[in-house]
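Note sheet for the following structure.
2 protein chains.
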Amino acid sequence: MALTLEQIAKLAGVSRSTVSRVVNDDPNVRDEVRQRVWRVIRETGYQPHAAARSLVTRRTQIIGVIIPESVTTLFTDPFFSLLLAGITAACNENRYHLMLSLFNSPEGSDAIYQRVLRSAYLDGVIVASATGDDPLIPRLLRDSIPFVLVGRHLDKRVTYVDVDNVSGARMATEHLIRLGHKRIATVTGPMSMLSAQDRLTGYKQALEAHGLPVDSSLIAEGDYREGGGIAAVRRLLPASPTAIFVASDVMAVGVLKALRQEGREVPGDIAITSFDDLPVATAVQPALTTVRQPIDDLGRTAVQLLLDLIHRPPDATSVPQRLVLPTELVVRGSCGARR
Amino acid sequence: MALTLEQIAKLAGVSRSTVSRVVNDDPNVRDEVRQRVWRVIRETGYQPHAAARSLVTRRTQIIGVIIPESVTTLFTDPFFSLLLAGITAACNENRYHLMLSLFNSPEGSDAIYQRVLRSAYLDGVIVASATGDDPLIPRLLRDSIPFVLVGRHLDKRVTYVDVDNVSGARMATEHLIRLGHKRIATVTGPMSMLSAQDRLTGYKQALEAHGLPVDSSLIAEGDYREGGGIAAVRRLLPASPTAIFVASDVMAVGVLKALRQEGREVPGDIAITSFDDLPVATAVQPALTTVRQPIDDLGRTAVQLLLDLIHRPPDATSVPQRLVLPTELVVRGSCGARR
DNA sequence: TTGTAAGCGTTATCAT
DNA sequence: ATGATAACGCTTACAA
Chain A
1 MALTLEQIAK LAGVSRSTVS RVVNDDPNVR DEVRQRVWRV IRETGYQPHA
51 AARSLVTRRT QIIGVIIPES VTTLFTDPFF SLLLAGITAA CNENRYHLML
101 SLFNSPEGSD AIYQRVLRSA YLDGVIVASA TGDDPLIPRL LRDSIPFVLV
151 GRHLDKRVTY VDVDNVSGAR MATEHLIRLG HKRIATVTGP MSMLSAQDRL
201 TGYKQALEAH GLPVDSSLIA EGDYREGGGI AAVRRLLPAS PTAIFVASDV
251 MAVGVLKALR QEGREVPGDI AITSFDDLPV ATAVQPALTT VRQPIDDLGR
301 TAVQLLLDLI HRPPDATSVP QRLVLPTELV VRGSCGARR
Chain B
1 MALTLEQIAK LAGVSRSTVS RVVNDDPNVR DEVRQRVWRV IRETGYQPHA
51 AARSLVTRRT QIIGVIIPES VTTLFTDPFF SLLLAGITAA CNENRYHLML
101 SLFNSPEGSD AIYQRVLRSA YLDGVIVASA TGDDPLIPRL LRDSIPFVLV
151 GRHLDKRVTY VDVDNVSGAR MATEHLIRLG HKRIATVTGP MSMLSAQDRL
201 TGYKQALEAH GLPVDSSLIA EGDYREGGGI AAVRRLLPAS PTAIFVASDV
251 MAVGVLKALR QEGREVPGDI AITSFDDLPV ATAVQPALTT VRQPIDDLGR
301 TAVQLLLDLI HRPPDATSVP QRLVLPTELV VRGSCGARR
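Going down the list, the protein sequences come from chains A and B.
The numbers in the working numbering rise by one with no breaks, and the one at position 198 of the first sequence is 198.
The numbers in the working numbering rise by one with no breaks, and the one at position 55 of the second sequence is 55.
Encoded structure:
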């Protein structure tokens, strides 16, 4: 059986309140007493009972990471591992715990929302990559649950951290333009996601800035997965592009495969740039010229914003923070710049 | 402010206990009353306060997934995403919550153990892939915390689920032997991990079963990461192998890269087989002939074993379960069987 | 079948 | 600076 405050108190010859003060670093304890109590705590390995504590403090020291239903199929994308790594690191540094929830339960999104978010288990949540119209967001807002979004959102009331998708996509496309390409296609992410829309915007901006036409037969919607890349290539080839900006590395892997199958050389026949700079970008041949996004930072920043939100709840005058992290182009083999 | 049992009771015109009984499906409630109470609960969106509940039940409905310090560097390996996906799915189905802990905090492994495991936050834990001598295991045993290991362990008291690493490695190696190779090298995982030892054992068994010598110059220790694969190739090439069994897909990606850099063709000059069948296995060129392990099952099974353990604690006579899931060889391009 | 009341291990308020 | 004591919201004997 685990020890309680009461027992530590008895062992140290003080009252329960004093032990509580010691544990919580209350300055109102005589030094000699504090030493004595700490010694007993150390010797016994006493650890406060989390549930008892949070019943009174209304804090659990747990934050949730939620993968909304709409993106659970992407969970095994390395992007999420990297994001989780950043988040857990930041949690550890702040002595917070992390609860992971995928909202794809058979019980249904609604039930799981109740179970996870209304049971007072979480001090706040990080929503990893929602679609623009995810019903989760208004609900969190309505229930006044502190939350931070990874990826931007239109509602003015939400705090978020995003990467600069527009600039990144523009760089990747301009790089192809600089290399002399005129017929540049793009494989987008699912248009329900703002990141996909933003990357498409960046692509268009680049074309327009250089007087190139935006041709809808050169635009194919993908799904951020490998299969989507493969399918997109089949739709794109008839328009004979000489280069493709693929909106994610994972899709680029599919594009590479499909192109190989069609007997096209990369970058010889068709040049490729993509987005993310996941480990797979250097695993394939040729290695991908791609836009690096600071995924670890994204996670750490989300935690930081959330803890801010938890510790000083927004008043009427405060406006939600919106952070956008920079991206950079990493040039490798797939674009043909290095031969 | 969230509602309490008391308020629901008042609204439904019954006592707090009755509401509690309804919420907990106690049969001793008149049907008419049960209906009425449920209706109020539904209308108000009442959700029991988790902390209050677990303070008395001594259960949190949370299980932990722990990545021990020794393997945190491998966390972004897709293996863990896939494992986590299986675990979360099983958790959702059983209405359990999942807390994720990486034991690589600056506070130190010891402190984090105290904080995470001794605070009564977790009903039990899944330890994902420990080294054979991880100090975590004896501690969990000493503190009688229900836990399941992913990956086998020598201590008779631990419950685990593993994949058949030995057979898998044997198949992958025998496949190369069948293709006529005589000088077959291997890149192992870190020898501190039992899975790495087992895969090496399978490799040796295959050689011995076919009267081939085990030559230590054909064995190079890796680290289950890409860099380890690259480094191993440099050590192996002087022994002029015609084939290599690489103990993980991620390392195989490194091996492929290094070989390409050395101007060796795969599978023409050197044939490759590996282990895991992660998505990356089909992303690289040539696609990897590799041993598939049922990672999703591994996760689901771990949860199942853990819930068993939680719900009926082992008595003196019961012996810990040890499950070993089968593996299968998936033949693709890297072994040269299909040209 | 239902209600009353004790108690889970903390923190926080109030005396001293 | 320290100690009683009353919550926190729930489950669970025990009584009725």
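All C-beta atoms in this analysis are idealised placements derived from N, C-alpha and C, irrespective of residue type, glycine included.
The structure displayed is predicted, hence computed values, not measured ones.
Mark alanine 111/A as exposed unless 16 or more other C-beta atoms lie within 10 angstroms of its C-beta, in which case mark it buried. Alanine 111/A counts as exposed, since fewer than 16 other C-beta atoms from the protein chains shown sit within 10 angstroms of its C-beta.
Using DSSP's beta-bridge definition, name the partner residues of aspartate 249/A. Note: aspartate 249/A sits in no beta bridge, so no partner.
Collapsed DSSP secondary structure at alanine 111/A in the structure displayed: Correct three-state label for alanine 111/A: helix.
Buried/exposed call for arginine 178/A, threshold 16 Cβ in 10 Å: Around the C-beta of arginine 178/A, fewer than 16 other C-beta atoms lie within 10 Å, and the residue is accordingly described as exposed.
At the 8 Å Cβ level, is leucine 141/B part of the contact set with chain A, yes or no? No, its Cβ sits nowhere closer than 8 Å to a Cβ of chain A.
Residue interval of the beta strand (DSSP E) (run including alanine 271/B): DSSP places alanine 271/B in the uninterrupted beta strand (DSSP E) bounded by 271-276.
Report the option in Ala52/B, Ile137/B, His181/B whose CA atom is closest to the CA atom of histidine 153/B. Across the set Ala52/B, Ile137/B, His181/B, the C-alpha of Ile137/B shows the shortest separation from the C-alpha of histidine 153/B.
Secondary structure of phenylalanine 75/B, DSSP reduced to three states: Here phenylalanine 75/B sits in coil by DSSP.
Spatial neighbours of leucine 141/A in its chain, beta-carbon cut-off 8 Å, leaving aside the 5 residues before and after: Excluding its 5 nearest sequence neighbours in each direction, leucine 141/A has C-beta neighbours in its own chain below 8 Å: Asp155, Arg157, Val158, listed in chain order.
Compare the Cα-Cα distances from asparagine 94/B to each of Ile63/B, Leu288/B, Pro78/B, Ser70/B and report the closest residue. The shortest Cα separation from asparagine 94/B among Ile63/B, Leu288/B, Pro78/B, Ser70/B belongs to Ile63/B.
Can you find a CB in chain A that lies within less than 8 Å of the CB of glutamine 114/B? Yes, because at least one Cβ of chain A sits closer than 8 Å to the Cβ of glutamine 114/B.
For the region 19-44 of chain B, enumerate the residues whose C-beta is nearer than 7 Å to any C-beta of chain A, in chain order. Residues of the region 19-44 of chain B with a C-beta less than 7 Å from any C-beta of chain A: none at all.
Local conformation of valine 266/A per DSSP, three classes: Coil at valine 266/A, not helix or strand.
Answer yes if the region 300-313 of chain A comes into contact with the region 198-208 of chain A, meaning at least three C-beta pairs across the two stretches below 8 Å, and no otherwise. Three or more beta-carbon pairs separated by less than 8 Å are not found between the region 198-208 of chain A and the region 300-313 of chain A, which leaves the two stretches without contact.
Are the CB atoms of threonine 76/A and proline 106/B nearer to each other than 8 Å? Not closer than 8 Å, so no.
Contact with chain A by methionine 99/B, beta-carbon distance below 8 Å: For methionine 99/B, the answer is yes, since a Cβ of chain A falls inside 8 Å of its Cβ.
In chain order, what residues of the same chain have a beta carbon less than 8 Å from the beta carbon of leucine 323/B, not counting five sequence neighbours either side? Excluding sequence positions up to five before and after leucine 323/B, its CB lies within less than 8 Å of the CB of Tyr160, Val161, Asp162, Thr301, Leu305, all in the same chain and listed in chain order.
Chain B beta carbons: is any one of them nearer than 8 Å to that of phenylalanine 80/A? Chain B contact via Cβ: present.
Assumed close pair arginine 59/A, aspartate 123/A - CB separation to whole angstroms, cut-off 8 Å: Taking the Cβ atoms as the reference, arginine 59/A lies roughly 6 Å from aspartate 123/A, within the contact range of under 8 Å.
Using a cut-off of 8 Å between C-beta atoms, extract the partners of serine 119/B located in chain A. In chain order: Gln47, Pro48, His49, Ala50.
Grab me the residues of arginine 183/B's own chain with a C-beta within less than 6 Å of its C-beta, minus the 5 sequence neighbours each way, in chain order. Around arginine 183/B, the same chain offers Pro241, Thr242 as residues with beta carbons nearer than 6 Å, after the five sequence neighbours per side are excluded.
C-alpha distance - leucine 83/B paired with alanine 9/B, whole-angstrom precision: Answer to the nearest angstrom: the Cα atoms are 43 Å apart.
Rounded C-alpha distance that separates isoleucine 126/B from valine 150/B: Between the alpha carbons of isoleucine 126/B and valine 150/B lies a gap of roughly 7 Å.
Rounded to whole angstroms, what's the CA-CA distance from aspartate 164/A to leucine 74/A? Just pull it up for me. C-alpha separation (whole angstroms): 20 Å.
I want to verify the contact list: residues of chain B whose CB lies under 8 Å from the CB of proline 106/A, in sequence order. Asn92, Glu93, listed in chain order.
Please confirm whether serine 248/B has its beta-carbon closer than 8 Å to some beta-carbon of chain A. Chain A contact via Cβ: absent.
Tell me, please, whether the CB atom of threonine 289/B is closer than 8 Å to any CB atom in chain A? By this cut-off, threonine 289/B is not an interface position.
Against leucine 102/B, what residues of chain A qualify as contacts under a CB-to-CB distance less than 8 Å, listed in chain order? Under the 8 Å cutoff, chain A gives Ala85, Thr88, Ala89, Asn92.
Minimum C-alpha distance to histidine 175/B - residue among Glu6/B, Pro320/B, Gln7/B, Gly333/B: When only C-alpha atoms are compared, the closest one is Gly333/B.
Assuming arginine 292/B is part of the beta strand (DSSP E), what are its boundary residues? From DSSP, the beta strand (DSSP E) with arginine 292/B extends over 289-292.
Do the region 47-58 of chain B and the region 49-57 of chain A meet, that is, are 3 or more Cβ pairs less than 8 Å apart? Cβ pair count under 8 Å is three or more, so yes.
Assuming alanine 172/A and threonine 273/A make a contact with CB atoms under 8 Å, what is their CB distance in whole Å? Contact holds; Cβ gap of about 4 Å.
Go ahead and label proline 146/A buried or exposed: buried means 16 or more other beta carbons lie within 10 angstroms of its beta carbon, across all protein chains shown. The residue in question, proline 146/A, is buried, as its Cβ has 16 or more Cβ neighbours within 10 Å.
Who pairs with phenylalanine 103/B in a beta bridge, going by DSSP? None, per the DSSP bridge assignment.
Pull the bridge partners of isoleucine 87/A from the DSSP assignment, please. DSSP lists no bridge partner for isoleucine 87/A.
With three or more beta-carbon pairs closer than 8 Å as the criterion, would you say the region 222-237 of chain A touches the region 250-259 of chain A? Segments in contact, yes.
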